[in-house]
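**Q** All residue numbers for the sequence shown refer to the numbering used here, where the first residue is 80 and numbers rise by one.
Heads up, the beta-carbon is just placed ideally off N, CA and C, and yes, glycines get one too.
This is the structure, below, for whatever I ask next.
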Amino acid sequence: MYIISGEVVLVEDDGGTVLKAGECAAFTKGTGNGHHLINRSNGPATYLEIRSRHPNDMTTCSDADMKSANSDGRFVDKDGTPYTGQ
Numbered sequence: 080m081y082i083i084s085g086e087v088v089l090v091e092d093d094g095g096t097v098l099k100a101g102e103c104a105a106f107t108k109g110t111g112n113g114h115h116l117i118n119r120s121n122g123p124a125t126y127l128e129i130r131s132r133h134p135n136d137m138t139t140c141s142d143a144d145m146k147s148a149n150s151d152g153r154f155v156d157k158d159g160t161p162y163t164g165q
């Protein structure tokens, strides 16, 4: 992901890293290290995320009961039921 404007905190299993406009982060497939962004600033942030859209790829979240298949883009619990976020 590439930060276009603003500032975000990239939260990974080992903690948080501040990313500012012009900085980027990349993730190795299959590491099991979950990540997400939090905007703790007082302004908006914009980022560009680039990833594979191969239909056989599956995204599995290590820190949430959630997964998504690129073939349909739906988010579901790891047991396949629709993701509710709870």
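#1: So what's TYR162 in DSSP terms, helix, strand or just coil?
#2: How would you label LEU127, buried or exposed, when you count the other beta carbons within 10 angstroms and need 16 or more for buried?
#3: In three-state terms, what does DSSP make of GLY122?
#4: List the residues that DSSP assigns as beta-bridge partners of ALA148.
#5: Roughly how many angstroms lie between the CA atoms of LYS99 and GLU86, to the nearest whole one?
**A** So, to answer that:
#1: coil
#2: exposed
#3: coil
#4: MET137
#5: 4 Å
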